[in-house]
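Once you know that position 476 of the sequence shown is 476 in the UniProt record's numbering, the rest is easy, because the numbers rise by one and skip nothing. All C-beta atoms, glycine included, are put in the ideal place defined by N, C-alpha and C. If you're wondering where the values come from, they're calculated on a predicted model, not measured in any experiment.
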Amino acid sequence: MAASAAPDPQAHVPSATEKHAPDQTARSRPTDTHGRPSIVWLRDDLRLADNPALRAAVDEGNPIVVLFVLDDSPLVARPRGGASRWWLHHSLTALAERIEERGARLILRRGDAAEEVQRLADEVDAGGVFWNRRYAEGERSQDGAVKKALRAAGRVAESFQGTLMYEPWTIARDDGQPYGVYSAFWRACAKAGTPREPVAEPQSLDGLEKRLHSDELASWELLPTKPDWATGLAEEWTPGERGAHERLRDFVGDRISRYSGQRDRPGAEASSRLSPHLRFGELSPFQVRTAVLDSREGAAENRSKFQAELGWREFNYSLLFHNPNLDSQNMRRNFDGFPWHPASSEVLERWQQGRTGIPLVDAGMRQLWTSGWMHNRVRMVVASFLIKNLLIDWREGEQWFWDTLVDADPANNAANWQWVAGSGVDSAPFFRVFNPVLQSQKFDPQGDYIRAWVPELADVPAKEIHEPRASGGLDLSEVGDYPEPMVDLKATRAEALDAFAEIKSH
Ligand SMILES: Cc1cc2nc3c(=O)[nH]c(=O)nc-3n(C[C@H](O)[C@H](O)[C@H](O)COP(=O)(O)OP(=O)(O)OC[C@H]3O[C@@H](n4cnc5c(N)ncnc54)[C@H](O)[C@@H]3O)c2cc1C
């Protein structure tokens with residue numbers, strides 16, 4: 001396994017404060033904070049419930065200012081893709097309304113977040129600033145710098161655990177190295193202890209009287225205009241905490257009973273669709289876990305399978321923590337010499353637009369484009385097709401997902417692409433090449449999912465729908481202008497295996 005070397009302790013190990021649970025954080029009070037406002041700096045945690053930073057700020061008993069900064073610097077975090085920007089706009093709108101209902105105001109600022117936080121702290125003479133931790137390298141380094149500067153200015157600066165149930169530095173092998181295998185990682189998490197219960201939502205917020213400047217959200221131009229490609233996203237999703245809780249209720253009250261048995265079936269609607277809500281922190285994994293464990297629907301098997309999926313999220317964040325370039329660098333370095341085909345725009349566009357001639361792949365890519373989401377099984381199939389049948393570098397696919405998924409996530413997207421490519425740790429081996437036709441017959445046997453997304457095939461019977469142009473009983477006029485498969489699956493599979501054999505020995 002080619003997991004990257006041990007992390008540089010300076011870069012990766014959080015400060016003593018960050019290492020400990022929130023209630024143990026250094027409470028050195030440099031000055032009296034009485035009556036001085038507390039700033040809550042929100043980032044990937046756009047919620048009021050189970051928000052430990054907000055809770056701690058409210059418990060200070062001082063007026064509350066809630067801040068979100070749009071920081072576009074790629075040195076801090078990867079710039080958001082189009083679908084994520086759409087989501088962010090609506091999530092902030094929903095959040096602002098909730099904060100106002102509770103008695104305070106969401107302040108929006110744009111720029112270098114480190115400077116904006118300090119500027120606002122100076123403006124209101126804040127007693128303290130509170131936030132939930134982030135885990136990518138640029139984010140941690142920004143947070144560390146902000147903490148230092150705030151403390152140097154005599155303010156309280158505290159960070160909390162709100163986004164992961166197991167923070168990466170708390171789960172390590174006996175020799176101190178990070179886990180490279182998911183199953184061992186998840187067992188170690190179970191041993192490390194039970195995640196806490198969600199923190200209560202403050203019923204009221206004592207907002208600051210002073211009028212502060214807040215940007216107009218519209219001026220950030222997060223929404224697409226020409227063309228407005230987001231109508232399908234709006235039909236499918238309700239960004240914000242309320243929409244998130246509705247999805248959660250729907251899942252634990254119904255879908256969960258089918259989870260273990262049918263989660264792999266894209267037509268079955270058996271998974272939770274909570275991924276974008278988790279990505280933006282409209283729900284925390286603590287809340288989701290508790291709701292799932294409390295659910296009376298279905299067998300224990302469903303609950304444990306679901307928790308294991310949340311475990312993949314935790315594992316991927318641990319990978320990101322220890323491998324800051326997860327989205328750009330092969331974890332297995334022998335993949336650096338892989339003879340990828342040049343990604344011609346014509347080939348890439350056929351894949352992106354769902355015109356490959358492989359119905360399951362096309363259904364998935366059209367679902368993604370229209371709704372901003374794709375079923376997990378189909379994500380694996382379309383990724384495998386791009387990498388192992390079109391022989392296109394996984395980073396091209398990762399970038400397209402990054403731009404089009406509403407749940408585009410710095411850890412989950414990159415780690416899963418590397419998993420499918422075989423270039424990651426604990427990955428599917430490269431030589432295991434999905435046959436998209438067999439996958440389609442197995443997981444969408446009646447073709448319901450394909451029919452929902454590929455209208456050209458709406459009238460094709462189940463027997464032929466997985467491979468409509470194969471020689472056989474189907475009258476080809478029934479498939480209209482649905483394209484021929486763009487590649488021969490067998491020949492391209494063989495080519496991929498030869499290419500893999502070339503790099504294996506390096
Ligand atoms: C190529 C590829 C790219 C992906 N990109 C992303 C991404 O950008 N963002 C993202 O959140 N997920 C990504 N996934 C993982 C997975 O497909 C989605 O999390 C899942 O489909 C979301 O649907 P759900 O909420 O109904 O999942 P459920 O099955 O209901 O799972 C519950 C939650 O567990 C987590 N989860 C489930 N499966 C995985 C997984 N394989 N890896 C990590 N976390 C998981 C998600 O937070 C999810 O919401 C990707 C998978 C592949 C194969």
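- With a 10 Å radius around the Cβ and a threshold of 16 neighbouring Cβ atoms, residue 404 comes out buried.
- The DSSP-derived three-state label of residue 158 is strand.
- Using a 10 angstroms sphere on the CB of residue 213, the tally of other CB atoms stays under 16, which defines it as exposed.
- Within the same chain, Cβ atoms closer than 6 Å to the Cβ of residue 277 are found at 244, 283, the five residues on either side in sequence being excluded.
- The bridge partners DSSP lists for residue 129 are 39, 157.
- The C-beta of residue 342 has fewer than 16 other C-beta atoms within 10 Å across all chains shown, which makes the residue exposed.
- Taking every protein chain shown into account, the CB of residue 396 has 16 or more other CB atoms within 10 angstroms, so this residue is buried.
- Look at the beta carbons and you see the stretch 481-492 not touching the stretch 417-432: under three pairs across the two are nearer than 8 Å.
- Here residue 38 has 57, 60, 62, 64, 126, 127, 128, 130 as same chain residues with Cβ atoms under 7 Å from its own Cβ, once five neighbours each way along the sequence are excluded.
- For residue 495, the Cβ stays outside the 7 Å cut-off from all heavy atoms of ligand 1.
- Beta-bridge analysis with DSSP links residue 207 to 64.
- Taking each of 290, 312, 344 in turn and checking the Cα distance to residue 303, the smallest one comes out for 290.
- Contact between the stretch 362-377 and the stretch 328-335 is absent: fewer than 3 CB-CB pairs across the two stretches fall below 8 Å.
- For residue 377, the enclosing alpha helix (DSSP H) stretches over residues 376-384.
- Looking at the backbone, the Cα of residue 433 and that of residue 43 are separated by about 38 Å.
- Residue 166 has its alpha-carbon roughly 10 Å from the corresponding atom of residue 196.
- DSSP lists no bridge partner for residue 310.
- Sequence-distant Cβ neighbours of residue 407 in its own chain, meaning closer than 7 Å and more than five residues away, are 275, 276, 279, 373.
- Counting along the chain, no beta strand (DSSP E) covers residue 278; the unbroken alpha helix (DSSP H) around it starts and ends at 275-279.
- Taking the Cβ atoms as the reference, residue 95 lies roughly 6 Å from residue 106, within the contact range of under 8 Å.
- The three-state reading of DSSP puts residue 108 in strand, counting E and B together.
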